[in-house]
Amino acid sequence: LIPDQFDVFDQFFQLGMATGRPIQKLPIAAFQHKTVFEENNLIQALQYFRAHSGFSYPIASTFSYAPYIYNDVVVPLTATTDARIRNAPVLRIGDSLSSSNANLGNGLSQHLQIIEKFTDNLQSFQTPHRSIQ
Numbered sequence: 003l004i005p006d007q008f009d010v011f012d013q014f015f016q017l018g019m020a021t022g023r024p025i026q027k028l029p030i031a032a033f034q035h036k037t038v039f040e041e042n043n044l045i046q047a048l049q050y051f052r053a054h055s056g057f058s059y060p061i062a063s064t065f066s067y068a069p070y071i072y073n074d075v076v077v078p079l080t081a082t083t084d085a086r087i088r089n090a091p092v093l094r095i096g097d098s099l100s101s102s103n104a105n106l107g108n109g110l111s112q113h114l115q116i117i118e119k120f121t122d123n124l125q126s127f128q129t130p131h132r133s134i135q
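With the working numbering applied, the sequence shown has no gaps in its numbers, which climb one by one up to 135 at the end.
Below you can see the structure in the form of structure tokens.
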């Protein structure tokens with residue numbers, strides 16, 4: 003959604019005293035007359051989702067948040083986590099490392115690029131073989 007579209011949806015939900023509604027119950031016909039929905043074919047997308055959705059789900063809602071990324075990929079030793087095995091370092095990957103901008107849809111591709119680079123680095127990393135005596 004562009005900011006103006008978000009504002010229209012947010013106002014709709016506030017007037018209805020709701021945090022979200024099933025897509026089937028959105029007044030798409032009323033939205034069609036608002037020029038703000040013409041910019042990125044949102045009406046066509048809503049009509050498609052409505053035609054392929056159930057009566058109760060999916061839910062349309064509005065929320066906003068600030069994307070973030072941690073400064074350090076390594077979880078501090080002082081952090082409480084069930085993921086740690088003995089004193090081995092725990093690395094952040096995916097949403098535990100960063101949260102991207104949902105409006106841009108750039109999260110999954112960034113996560114996959116991080117995992118691919120990490121995997122490549124692991125494969126190129128070699129330790130000397132030790133014989134067990």
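Built from N, CA and C at the ideal position, the CB exists for glycine as well.
Nothing here was measured: the structure is a model prediction, and the numbers come from that model.
For residue 92, which of helix, strand or coil comes out of DSSP? strand
Please confirm if the region 30-45 is in contact with the region 6-15, defined as three or more CB-CB distances below 8 Å between the two stretches. yes
Are the region 21-28 and the region 50-57 touching by the rule of at least three beta carbon pairs closer than 8 Å? yes
Using the DSSP secondary-structure output, state which residues sit across from residue 52 in a beta bridge. The partner list for residue 52 (beta bridge, DSSP) is empty, contrary to what the question assumes.
Can you find the residues in the same chain that come closer than 7 Å, C-beta to C-beta, to residue 7, ignoring five residues on each side of it along the sequence? Closer than 7 Å at the Cβ level, and outside the excluded window around residue 7, lie 38, 39, 44.
Residue 94 versus residue 125: straight-line alpha-carbon distance, rounded: 19 Å
Using DSSP bridges, identify the partner residues of residue 32. As far as DSSP is concerned, residue 32 takes part in no beta bridge.
Report the CB separation of residue 36 from residue 10 in whole angstroms; it is logged as a contact under 8 Å. 6 Å
For the beta strand (DSSP E) holding residue 24, just list the boundary residues, first then last. 22-24
Do you know how far the Cα of residue 86 is from the Cα of residue 5? 41 Å
Quick one: give me the first and last residue of the beta strand (DSSP E) that residue 61 is part of. 61-63
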